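Colleague:
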Amino acid sequence: MMAKCPNCGAEVSTPLKEWDLGKKLHIKMYEHCGKKFREYIKK
Numbered sequence: 132m133m134a135k136c137p138n139c140g141a142e143v144s145t146p147l148k149e150w151d152l153g154k155k156l157h158i159k160m161y162e163h164c165g166k167k168f169r170e171y172i173k174k
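One gets this note's numbering by counting positions in the sequence shown from 1 and adding 131 to each.
Given below as structure tokens:
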């Protein structure tokens, strides 16, 4: 799955970090254009 950079709209494929928040939420953190952003995925 790919996330889009909120600044330039480029697709970022490799997350810096991934973790689970409880049993129902998975978070992926990306960095692009010098900014970090997160993608939240329901399980």
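Every residue gets a Cβ at the ideal spot worked out from N, C-alpha and C, and that includes glycine.
Here the structure is a predicted model, which is why all the values come from computation and not from measurement.
Hey, how far is the Cα of residue 142 from the Cα of residue 133?
Modeller: Distance between the alpha carbons of residue 142 and residue 133: 6 Å.
Colleague: Work out the CA separation of residue 171 and residue 139 for me, nearest whole Å.
Modeller: The alpha-carbon atoms of residue 139 and residue 171 are separated by roughly 20 Å.
Colleague: In terms of DSSP beta bridges, what is residue 141 paired with?
Modeller: Beta-bridge pairing links residue 141 to no other residue.
Colleague: Grab me the residues of residue 159's own chain with a C-beta within less than 6 Å of its C-beta, minus the 5 sequence neighbours each way, in chain order.
Modeller: So the list reads 146, 149, 170, once near-sequence residues are dropped.
Colleague: My guess is that residue 136 and residue 163 are in contact by the Cβ rule of under 8 Å, so how many angstroms apart are they, rounded?
Modeller: Yes, residue 136 and residue 163 are in contact; Cβ-Cβ is about 4 Å, under 8 Å.
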